[in-house]
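Residue numbers for the sequence shown follow our numbering, so the first one is 2 and each next one is one higher. Ideal Cβ positions, reconstructed from N, Cα and C, are used throughout, including at glycine. Predicted, not measured: the structure shown is a model, and the values here were computed from it.
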Amino acid sequence: MVHDGFKPDVFTAGCPTQQAIEAIADKWSVIVIYALSSGTMRYNELQRQVGGISQKMLTHTLRNLERNGLVDRKVYPVVPPKVEYSLTPLGQTIHEPLSAICLWAHHHFVEVEAARMRYDHHQSRSPEPPYDDRGPVNPAAIERAPEPTEAPENQA
């Protein structure tokens, strides 16, 4: 919707652009949109694909994405009920930027984790290195995950 004389400014409090960013800016929304970019999925497929998300959080995330026009929910009148989720045309427009963010995370998670450990170590002012349940943590020893396969294609 275009407003006469309205100039969107993401830095202005209350600007609708902030609401648009809020619609996609949380962890689960990014991951659910990224998962749906490979095509239509049923609820259980989506829950299996998105590791670590609770049923309550997945339902909340899908409802939010549907409310914001990014996800379409299609209910089939069968027993048991069949429900499918897919990206709307608007949701498909966010695929490329979110794919870039997911790829960035894949390439830089080791550096992010090392920065967190350095920060936490500095904040604690402890003379010892950070620990996890196995003992001292060495960020250089964290093994990189294999390269992801090509980002899911946007299937319209």
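Next item on the list: Label residue 36 either buried or exposed according to how many other C-beta atoms from any shown protein chain fall within 10 Å of its C-beta, with 16 as the threshold for buried.
Entry: By one-based count along the sequence shown, residue 36 stands at place 35. Flag for residue 36 reads buried.
Item checked: Three-state secondary structure (DSSP) of residue 71 -> Counting from one through the sequence shown, the residue named residue 71 turns up at place 70. If DSSP states are grouped into helix, strand and coil, residue 71 belongs with coil.
Item checked: Where residue 75 falls, given that 16 or more other Cβ within 10 Å makes a residue buried -> Position 74 of the sequence shown, counting from 1, holds the residue named residue 75. Exposed, since its Cβ has fewer than 16 Cβ neighbours within 10 Å.
Next item on the list: Check whether the Cβ atoms of residue 62 and residue 84 sit closer than 7 Å, and answer yes or no.
Entry: Against the sequence shown, residue 62 aligns to sequence position 61. Against the sequence shown, residue 84 aligns to sequence position 83. No.
Notebook entry, point to check: Under a three-way DSSP split, which group does residue 126 fall into?
Noted result: For the purposes of this step, residue 126 is identified with residue 125 of the sequence shown, where counting begins at 1. Coil, per DSSP.
Notebook entry, point to check: residue 31 and residue 99: beta carbons closer than 7 Å?
Noted result: Taking the first residue of the sequence shown as 1, we reach residue 31 at position 30. Taking the first residue of the sequence shown as 1, we reach residue 99 at position 98. Yes; because the gap between Cβ atoms is below 7 Å, this pair is in contact.
Check: Does the beta-carbon of residue 96 have 16 or more other beta-carbons within 10 angstroms, so that it is buried, or is it exposed?
Finding: To locate residue 96, count along the sequence shown from 1; it is residue 95. With 16 or more other Cβ atoms within 10 Å, it is buried.
Next item on the list: Kindly identify the DSSP beta-bridge partner or partners of residue 43.
Entry: Reading the sequence shown from its first residue, position 42 is the one you call residue 43. DSSP lists 85 as partners of residue 43.
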